[in-house]
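Q: These protein sequence lines are chains A and B, in that order. No gaps in the numbering here: position 145 of the first sequence is 144 in numbering that gives the first Met the number 0, and each next residue is one more. No gaps in the numbering here: position 12 of the second sequence is 11 in numbering that gives the first Met the number 0, and each next residue is one more.
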Amino acid sequence: MARYDSPLAAVGNTPLVHLPRLSPADDVRVWAKLEDRNPTGSIKDRPALHMIEQAEKDGRLTPGCTILEPTSGNTGISLAMAAKLKGYRIVCVMPENTSEERRQLLAMWGAEIRSSPAAGGSNTAVRVAKELSAEHPDWVMLYQYGNPDNAGAHYATTGPEILEDLPSITHFVAGLGTTGTLMGAGRYLREHVPDVKIVAAEPRYDDLVYGLRNLDEGFVPELYDESVLTTRFSVGSEDAVTRTRELLAQEGIFAGVSTGAALHAALGVARKAERAGEAADVVFIVADGGWKYLSTGIYTAESTEAAVAALQGQLWA
Amino acid sequence: MAIEVRIPTILRNYTDGQKAVSGEGDTLSALFEDLESRHTGLRERLVDDGDLRRFVNVYLNDEDVRFLDGIGTKLTDGDSVTILPAVAGGMH
Numbered sequence: 000m001a002r003y004d005s006p007l008a009a010v011g012n013t014p015l016v017h018l019p020r021l022s023p024a025d026d027v028r029v030w031a032k033l034e035d036r037n038p039t040g041s042i043k044d045r046p047a048l049h050m051i052e053q054a055e056k057d058g059r060l061t062p063g064c065t066i067l068e069p070t071s072g073n074t075g076i077s078l079a080m081a082a083k084l085k086g087y088r089i090v091c092v093m094p095e096n097t098s099e100e101r102r103q104l105l106a107m108w109g110a111e112i113r114s115s116p117a118a119g120g121s122n123t124a125v126r127v128a129k130e131l132s133a134e135h136p137d138w139v140m141l142y143q144y145g146n147p148d149n150a151g152a153h154y155a156t157t158g159p160e161i162l163e164d165l166p167s168i169t170h171f172v173a174g175l176g177t178t179g180t181l182m183g184a185g186r187y188l189r190e191h192v193p194d195v196k197i198v199a200a201e202p203r204y205d206d207l208v209y210g211l212r213n214l215d216e217g218f219v220p221e222l223y224d225e226s227v228l229t230t231r232f233s234v235g236s237e238d239a240v241t242r243t244r245e246l247l248a249q250e251g252i253f254a255g256v257s258t259g260a261a262l263h264a265a266l267g268v269a270r271k272a273e274r275a276g277e278a279a280d281v282v283f284i285v286a287d288g289g290w291k292y293l294s295t296g297i298y299t300a301e302s303t304e305a306a307v308a309a310l311q312g313q314l315w316a
Numbered sequence: 000m001a002i003e004v005r006i007p008t009i010l011r012n013y014t015d016g017q018k019a020v021s022g023e024g025d026t027l028s029a030l031f032e033d034l035e036s037r038h039t040g041l042r043e044r045l046v047d048d049g050d051l052r053r054f055v056n057v058y059l060n061d062e063d064v065r066f067l068d069g070i071g072t073k074l075t076d077g078d079s080v081t082i083l084p085a086v087a088g089g090m091h
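What follows is the structure, encoded as structure tokens:
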């Protein structure tokens, strides 16, 4: 179905495309789930809308309410768009060093922005949001890191869509952030395809960024359940950038840097299957398009080395 | 058989400051024994009581070896091993 009653109804039902050039063999195929085709351009439209609608259903969110969320990225943009259309006020808490593009994207959907100190990154934003929540008990914090409806969105939509389009799926690969995508779609797929392998791609930053992030490193989202995963890859900036550029050059897909990390893990498991002489259908998530990362210069850099240098010291997932 | 081992900043005092060193071995355990012969003291920082130390993460071709066979994980020529310190309370 390609006709919808409203923009919000058009969340999900994204294309699944085979990557003929990047797939290692005729029977080891790699597939991209294009989540950048959602209304605000990222996979986060799914959990944002689902968290809001579930909160409406059980009465936590009622007309006139204010939504509060610590976020510097895609979830805030998705929540702000849904809040605008549904008539809620929304306050986003984000680190003061977040890029101008993100501030404008949130502001254009009508979100109010409260800055949190740069030190400690999103961990500090979470703390500031929790303080605001205590000061304003009537505000509703949906809290993507611990809200079961985040994973629930993927259990209800992302997982079923993939299985319907590709019943022969052998591997599901996605980035590890709030862990909602892997937990939700992972559980659904395992229930229906017991042998399916659920593969996490975790971003690995260089030492410089580790220094900036070390408060974040100890943070484990409440949603995370390691038993859902079959394995986990740690992908460095260099590999993430290399794969992001390969995806663009070879298959024409313009994606964000975290997608390059997921592709790197997908090609890792595909190569293992090929070596073992096994057929495989590997699905990975394209979480968003490259638009918000254009200013890094990685897409037009002369060489991969230059692109990697351009990304040095920056957070990309 | 050569395997490239990437060393984190915090352990480079055992490798004369080198970011990557080369080693041999059929398993991760054998590789660490081999590295110890040239980089004395390194193994002690990685292995405790025959198993990987709790706050050390080791990746084989970027895959977390705790999801493979841990310190018994088999290695093949041309593999790449990455060692990273895990911060207490990390995602394990």
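We treat Cβ as the ideally placed atom computed from N, Cα and C, and that holds for glycine.
(1) Please state the DSSP three-state secondary structure of residue 170/A.
(2) Cα separation between residue 161/A and residue 284/A?
(3) Measure the Cβ-Cβ separation of residue 30/A and residue 165/A and say whether it is below 8 Å.
(4) For residue 263/A, decide whether its Cβ has a neighbour in chain B, counting only Cβ atoms nearer than 8 Å.
(5) Please name the residue, chosen from 243/A, 248/A and 53/A, that lies closest to residue 295/A on a Cα-to-Cα basis.
(6) Less than 7 Å separating the Cβ of residue 35/B from some heavy atom of the ligand MN?
(7) When you compare the CB of residue 31/B with every CB in chain A, is at least one pair closer than 8 Å?
(8) So is residue 3/A buried or exposed if we call it buried at 16+ other beta carbons inside 10 Å?
(9) Could you please tell me which residues of the segment 227–254 of chain A, in chain order, have their CB closer than 9 Å to any CB of chain B?
(10) Just list the beta strand (DSSP E) runs in the segment 60–105 of chain A, keeping only unbroken ones of 3 residues or longer that don't cross its boundaries, in chain order.
(11) How would you label residue 54/B, buried or exposed, when you count the other beta carbons within 10 angstroms and need 16 or more for buried?
(12) Residue 78/B by DSSP, collapsed to three states: which one?
(13) Based on Cα-Cα distance, which residue from 23/A, 38/A, 20/A and 26/A lies nearest to residue 11/A?
(14) Counting contacts by CB-CB distance shorter than 8 Å, is residue 66/B in contact with chain A?
(15) Quick one: Cα of residue 72/B to Cα of residue 158/A, how far?
(16) Where do the ends of the alpha helix (DSSP H) carrying residue 187/A lie?
(17) When DSSP builds the beta bridges, which residues end up paired with residue 232/A?
(18) Beta-carbon of residue 83/B versus every beta-carbon of chain A: anything under 8 Å?
(19) Which value, in whole angstroms, describes the spacing of the CA atoms of residue 248/A and residue 84/B?
(20) What does the alpha-carbon distance come out to for the pair residue 68/A and residue 97/A?
A: So, from the data block:
(1) Counting from 1 along the first sequence, the entry for residue 170/A is found at position 171. Residue 170/A falls in the strand class under three-state DSSP.
(2) Taking the first residue of the first sequence as 1, we reach residue 161/A at position 162. Taking the first residue of the first sequence as 1, we reach residue 284/A at position 285. Residue 161/A and residue 284/A: Cα-Cα distance of roughly 10 Å.
(3) Looking up residue 30/A in the first sequence gives position 31. Looking up residue 165/A in the first sequence gives position 166. Cβ distance < 8 Å, so residue 30/A and residue 165/A count as in contact.
(4) Along the first sequence, read from residue 1 onward, the residue named residue 263/A stands at position 264. Cβ-Cβ to chain B under 8 Å: yes for residue 263/A.
(5) To locate residue 295/A, count along the first sequence from 1; it is residue 296. Checking every option, the nearest Cα to that of residue 295/A belongs to 243/A.
(6) The ligand MN is absent from the structure shown, which contains no ligand whatsoever.
(7) As a working note, residue 31/B is residue 32 in the second sequence. No - not a single Cβ of chain A is within 8 Å of the one on residue 31/B.
(8) On the first sequence, position 4 is the one that residue 3/A refers to. Residue 3/A is exposed by the Cβ-count criterion.
(9) 228, 229, 230, 231, 232, 233, 234, 235 and 238
(10) 65–69 and 88–94
(11) In the second sequence, residue 54/B corresponds to position 55, counting from 1. Residue 54/B is exposed by the Cβ-count criterion.
(12) Residue mapping note: residue 78/B aligns to position 79 of the second sequence, counting from 1. In this structure, residue 78/B counts as coil in the three-state DSSP scheme.
(13) Within the first sequence, numbered from 1, the residue matching residue 11/A stands at position 12. Taking only the C-alpha atoms, the option nearest residue 11/A is 38/A.
(14) What you label residue 66/B is simply residue 67 of the second sequence in a count that begins at 1. Chain A, which has a Cβ nearer than 8 Å to the Cβ of residue 66/B, makes this yes.
(15) Translated into positions along the second sequence, residue 72/B becomes position 73. Translated into positions along the first sequence, residue 158/A becomes position 159. The straight-line gap from Cα to Cα measures roughly 31 Å.
(16) As a first step, residue 187/A must be located in the first sequence, where it is residue number 188. Per DSSP, residue 187/A belongs to the alpha helix (DSSP H) from 179–191.
(17) Working through the first sequence from its first residue, we reach residue 232/A at position 233. Its beta-bridge partners are 200/A and 62/B.
(18) By 1-based counting over the second sequence, the position of residue 83/B is 84. It does; some Cβ of chain A falls within 8 Å.
(19) The residue you call residue 248/A lines up with position 249 of the first sequence. The residue you call residue 84/B lines up with position 85 of the second sequence. Cα to Cα, residue 248/A sits roughly 34 Å from residue 84/B.
(20) Walking along the first sequence from the start, residue 68/A turns up at place 69. Walking along the first sequence from the start, residue 97/A turns up at place 98. Using only the alpha carbons, I get a separation of about 15 Å.
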